[in-house]
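Visitor: Numbering (the working numbering), first residue to last: 8 to 606.
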Ligand SMILES: [Zn+2]
C-alpha cells in the first residue's frame with residue numbers, strides 16, 4: 008500500500024496558517040551573555056529549582072525562550088550550582104542551600120520546586136534514603152510545596168564523563184521512586200535526549216549544553232511548566248524581550264512538533280523465543296509507514312483519543328504526536344526485533360518545515376533504527392491530483408537537510424480508490440524529471456506500481472541503471488515480477504502483505520480492532536504461512552539478491568503496537584526459516600543493507 012496519512016483539510020484557513028508558519032531557528036546562536044540576564048520578574052516567579060550546572064543551563068534556556076515562571080538565573084551567579092549533584096545537596100546549610108535561600112528570598116511566591124537529579128558515575132549506588140534529607144529541607148522552607156523531580160537528559164551519541172551511563176540511569180530510576188513514594192512530589196519534565204549537536208565542544212567531559220541545547224531543553228521546560236494546566240502561570244509578568252515569540256497559530260504547530268518528538272519510556276520486554284525451525288538472525292523491515300502530524304484546526308488537538316479520525320481503510324488513523332509518537336514507534340521496532348527499518352517519512356506541501364524538522368530530529372535521535380525515505384505525496388486525494396509532488400517541490404523539500412534522506416518513496420503509482428488521483432506511469436513526465444534528483448541525492452526509489460506498469464517500468468529501469476528501484480504490490484503477477492528481476496539487476500521486489508490470499512485478514516489489519524486481527528492471524532497462522540511459501544519460496548531462490556522483506560504497517564494506529572509487530576516478526580521468521588538456507592540472510596537483511604551501501 009501507499010498511504011497518505013493526511014487529516015482531511017476541511018478548513019482552508021488551515022492552509023493559510025501552514026503557509027504563514029516559519030520555523031524560528033536562529034542559525035547563528037548568540038553567545039550567552041552573562042551580564043544581560045533574560046528578563047522576568049523574580050518576585051513573581053513561583054517555581055524554584057535544585058540541581059547542578061546542567062540544571063542551571065536548562066533554566067537559562069527556559070528564560071531564553073521567554074519562560075517566566077521559574078526563578079531567574081542571575082548572570083553573575085551562573086555557576087553557583089556547579090557541582091550540585093544529589094549527594095551535594097544532602098547537607099543542609101552548605102553553599103548550595105545558601106544560594107537556594109537567596110533565590111527563594113527574591114521569589115517569595117515560590118510554591119513549587121523543580122529538582123533535577125544529577126548523579127556522578129561513582130555515586131550511582133545511592134539510595135532513596137540518601138535523598139530524604141533534601142526533600143525535608145525543601146518542605147521545611149516552603150510549606151505545602153510541590154516538588155517536580157526529573158533525571159538529567161539522556162545523551163544519545165556520547166557519554167557524559169561526569170555521570171557515565173550509570174549516573175543517568177540511576178537518576179531515572181530514583182526519580183521514579185521519589186515520585187511514587189511521596190504525595191507532594193510529582194514527575195517533572197523528561198528532558199532531551201541530547202545529541203552531540205546540543206553539547207558544547209569546549210569541555211572534554213561532553214556534559215554541558217551549548218546554546219542550541221539550552222534552548223531545546225528550555226523549550227521542553229516551558230512546555231511542561233508553562234503550558235500544563237496544572238501549573239498556574241505567574242501573573243503580572245512584565246514584558247520580556249521579544250525573543251522566540253510565536254503567534255498563537257505558530258504555537259499550535261510548535262506544540263505538535265514537540266508532541267511528535269516527546270520521549271516515552273521503553274522498558275525492556277522479554278525477548279520472544281522462536282522454534283528451532285524459525286529464522287533467528289537479524290531482520291530489516293523495509294516497509295514502515297510513519298504517520299504525519301495532524302493538520303486539522305487547533306481544536307482537533309483536544310479530541311478525545313478514542314475519537315481518532317477514520318483512516319484510509321476504516322481503522323483509527325495514526326496521527327503523530329496525537330495518538331502515537333516517534334519514540335513509541337522506535338520502541339516497538341526495537342522490542343519486536345527488527346533493525347534498520349526503511350521508514351517512509353511523509354512530507355506534505357502544506358507543512359514541509361514542520362515535518363522536515365521532525366524527521367531531522369528523528370534521525371539524530373534514532374540514527375541506527377530508521378533508514379529515512381522521503382514520502383513526498385502530492386495531492387493524491389484529488390481527482391486531478393498526483394501521487395507525488397513535482398520535481399521542483401521535491402528539490403525544495405530535500406534542500407533544508409542535505410543528505411538526510413536515503414530514499415524517495417513509497418510513491419503509489421496506481422489509481423487511487425474513491426475518486427483520488429489517476430494512475431501515474433513510471434515513465435510519466437513528472438517522474439522523468441524526478442529521476443535525476445534521485446540520482447543527484449543518491450536516493451533509492453520505492454514505488455508501488457499500478458496495473459499494467461510492467462513495460463514502462465522496465466523502460467525506466469533500463470534508462471537508469473545507476474538508480475536502485477524497489478517496488479511492491481500485487482498489481483503485477485509473480486511471473487511478471489520474476490521477468491523484471493531477471494532482466495534488471497537494479498530492480499528489487501518487496502515481499503510483504505502476508506494475508507494468505509484472504510482479503511478479510513487484510514481488512515482486519517487495517518481496520519478497527521486489533522484484537523480481531525490478532526485473533527484471526529493466530530488462528531490462520533499456518534494457512535497464511537503456507538500461501539506465502541507457495542507464492543515466493545521458489546522465486547526467491549531463483550533471484551536471491553533481489554528480494555527484501557517488509558511489514559507495511561501504518562494504516563491504523565494500533566499497527567504500531569508491540570504485539571502486532573511481534574506477530575508480523577514471528578510470521579516473517581517462520582517464513583524465512585522455510586526458505587533455502589543460502590538465501591535466508593539475504594532476504595532477511597543483507598539485500599536491504601547492500602541496497603543502501605554507500606549512502
Ligand atoms: Zn504500497
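Just so you know, even glycine gets a beta-carbon here, dropped at the ideal spot from N, CA and C. Every value quoted in this text rests on a predicted model; they were computed, and no experiment measured them.
1) State buried or exposed for residue 75, treating a residue as buried only when at least 16 other CB atoms are found within 10 Å of its CB.
2) Confirm the yes/no value for this check: CB of residue 514, any heavy atom of ligand 1, distance under 6 Å.
3) May I ask you to report which of helix, strand or coil DSSP gives residue 57?
4) Compute the Euclidean distance between the alpha carbons of residue 571 and residue 89, then round it to the nearest angstrom.
5) So the alpha helix (DSSP H) residue 171 belongs to, where does it begin and stop?
6) In whole angstroms, give me the CA-to-CA distance for residue 586 and residue 416.
7) Counting pairs of Cβ atoms below 8 Å between the region 491 to 498 and the region 456 to 474, do you hit three or more?
8) Residue 323 bridges to which residues according to DSSP?
9) Please report how far the alpha carbon of residue 352 lies from the alpha carbon of residue 296, in whole angstroms.
10) Three or more C-beta pairs closer than 8 Å, one from the region 439 to 457 and one from the region 407 to 421: is that the case here?
11) Could you check what DSSP says for residue 228 in three-state terms: helix, strand or coil?
12) Using only CA atoms, which one of 138, 428 and 333 lies nearest to residue 364?
13) For a test of your reading of the model: does the CB of residue 460 fall under 6 Å from any non-hydrogen atom of ligand 1? Yes or no.
14) Roughly how many angstroms lie between the CA atoms of residue 38 and residue 224, to the nearest whole one?
15) Does the contact criterion of 3 or more C-beta pairs under 8 Å hold for the region 140 to 156 versus the region 93 to 102?
16) Tell me, which residues are paired with residue 502 by DSSP?
17) Given 6 Å as the limit, tell me if residue 455 has its C-beta closer than that to any heavy atom belonging to ligand 1.
18) How many Å lie between residue 385 and residue 517 at the Cα?
19) Taking the beta carbon of residue 555 as the centre, do at least 16 other beta carbons fall within 10 Å, making it buried, or is it exposed?
20) If I follow the unbroken beta strand (DSSP E) through residue 477, where does it start and stop?
21) For residue 122, which beta-bridge partners are listed by DSSP?
22) Alpha carbon to alpha carbon, how far is residue 191 from residue 73? Give it in angstroms, no decimals.
23) Taking the continuous alpha helix (DSSP H) assigned at residue 404, which residues delimit it?
24) Could you spell out where the beta strand (DSSP E) holding residue 418 opens and where it closes?
25) Identify the residues that DSSP records as bridge partners of residue 374: which are they?
26) Using only CA atoms, which one of 154, 148 and 214 lies nearest to residue 175?
27) Which value, in whole angstroms, describes the spacing of the CA atoms of residue 259 and residue 396?
28) Check for me: the beta strand (DSSP E) holding residue 277 runs from which residue to which?
29) What is the residue span of the beta strand (DSSP E) that residue 451 lies within?
30) For residue 199 versus residue 160, is the C-beta distance shorter than 7 Å?
31) Can the beta-carbon of residue 595 be found closer than 7 Å to that of residue 583?
32) Please identify the residue among 157, 211, 389 and 288 whose C-alpha is closest to the C-alpha of residue 62.
33) Starting from residue 162, follow its DSSP beta bridges and name the residues at the other end.
34) Classify residue 407 as buried or exposed, calling it buried when 16 or more other Cβ atoms lie within 10 Å of its own Cβ.
Guide: Quick answer:
1) buried
2) no
3) strand
4) Each residue's Cα considered, the two are about 47 Å apart.
5) 171 to 188
6) 28 Å
7) With the cut-off at 8 Å, the region 491 to 498 and the region 456 to 474 touch.
8) 317
9) 7 Å
10) yes
11) helix
12) 333
13) no
14) Interpretation of residue 38 is limited by its pLDDT of 40, a score under 50 that renders its predicted location unreliable; the figure taken from the coordinates is listed afterwards. Inter-residue distance for residue 38 and residue 224 is about 17 Å (C-alpha atoms, whole angstroms).
15) yes
16) 556
17) yes
18) 22 Å
19) buried
20) Where residue 477 is concerned, the enclosing beta strand (DSSP E) stretches over 476 to 479.
21) Looking at the DSSP assignment, residue 122 forms a beta bridge with 57 and 156.
22) 28 Å
23) 398 to 405
24) Boundaries of the beta strand (DSSP E) harbouring residue 418: 414 to 419, taken from the DSSP string.
25) According to DSSP, residue 374 bridges with nothing at all.
26) Looking at the Cα atoms, 214 is the closest of the given residues.
27) 26 Å
28) Careful: residue 277 lies outside any beta strand (DSSP E) and carries neither H nor E.
29) 451 to 455
30) yes
31) yes
32) Comparing alpha-carbon positions, the option among 157, 211, 389 and 288 lying closest to residue 62 turns out to be 157.
33) 201
34) exposed
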